[in-house]
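Note that full-length UniProt numbering numbers the sequence shown so that position 103 is 103, with each residue one more than the last. This report concerns only the one structure given below.
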Amino acid sequence: MLANMFTWWSGATIGTLFTIGRLGKFVGSDEFGNKYYEARDTKESYGDKKRRFVIYKGYADASKIPPDWHGWMHYIYDTPPSDTPLPRKSWEQPHLPNMSGTPLAQYPKGSLNAQADRQKTTGDYEAWKP
Numbered sequence: 001m002l003a004n005m006f007t008w009w010s011g012a013t014i015g016t017l018f019t020i021g022r023l024g025k026f027v028g029s030d031e032f033g034n035k036y037y038e039a040r041d042t043k044e045s046y047g048d049k050k051r052r053f054v055i056y057k058g059y060a061d062a063s064k065i066p067p068d069w070h071g072w073m074h075y076i077y078d079t080p081p082s083d084t085p086l087p088r089k090s091w092e093q094p095h096l097p098n099m100s101g102t103p104l105a106q107y108p109k110g111s112l113n114a115q116a117d118r119q120k121t122t123g124d125y126e127a128w129k130p
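As structure tokens, this is what we get:
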């Protein structure tokens, strides 16, 4: 309970949940469990657009929002994907969040963080001697 009051990185704080509950209406959720809300009116919004909110499931990271919901959050689409989903192309792959900075990140060959041994240098390398 105390962690929900003050920490935002593992979900929404109680103040955020209260504000969204007071101002917004539930619009839908995505396959990752994130929940999306839109303001009931433009009273506390920016300009003439209704304010839009997301409550992340787990760690708050903007790359966890799929492309269709990202478009709705940034006012590219007027209707949320829960009402009119975007058509998927046969070549599209499922959305993955950004893994940089996590243990699941991919590193190039020769990186100090890579798990594999570093590639041996070729014979054309000559060490510098002062």
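Note that the Cβ used here is the ideal one computed from N, Cα and C, for glycine as well.
In or out: residue i buried (at least 16 other Cβ within 10 Å) or exposed?
i             : result
isoleucine 14 : exposed
alanine 127   : exposed
tyrosine 36   : buried
tryptophan 91 : exposed
aspartate 41  : exposed
tyrosine 56   : buried
aspartate 78  : exposed
aspartate 68  : buried
When DSSP labels each residue in this structure, what does residue i get in the three-state scheme?
i           : result
glycine 101 : coil
How is the alpha helix (DSSP H) around residue i delimited, first residue to last?
i          : result
glycine 15 : 14-23
How many angstroms separate the CA atom of residue i from the CA atom of residue j?
i                : j                : result
glycine 58       : tryptophan 72    : 21 Å
phenylalanine 32 : lysine 64        : 8 Å
lysine 49        : lysine 109       : 47 Å
proline 81       : aspartate 61     : 20 Å
leucine 104      : isoleucine 20    : 33 Å
histidine 95     : serine 29        : 15 Å
alanine 39       : tyrosine 75      : 13 Å
leucine 112      : methionine 99    : 17 Å
lysine 89        : proline 130      : 59 Å
asparagine 34    : valine 27        : 11 Å
aspartate 83     : alanine 12       : 25 Å
leucine 23       : tyrosine 107     : 43 Å
tyrosine 46      : phenylalanine 18 : 20 Å
lysine 43        : arginine 51      : 9 Å
valine 54        : lysine 25        : 11 Å
proline 97       : threonine 16     : 23 Å
Alpha helix (DSSP H) runs contained entirely in the region 29-97, provided each spans 4 or more residues: 67-73
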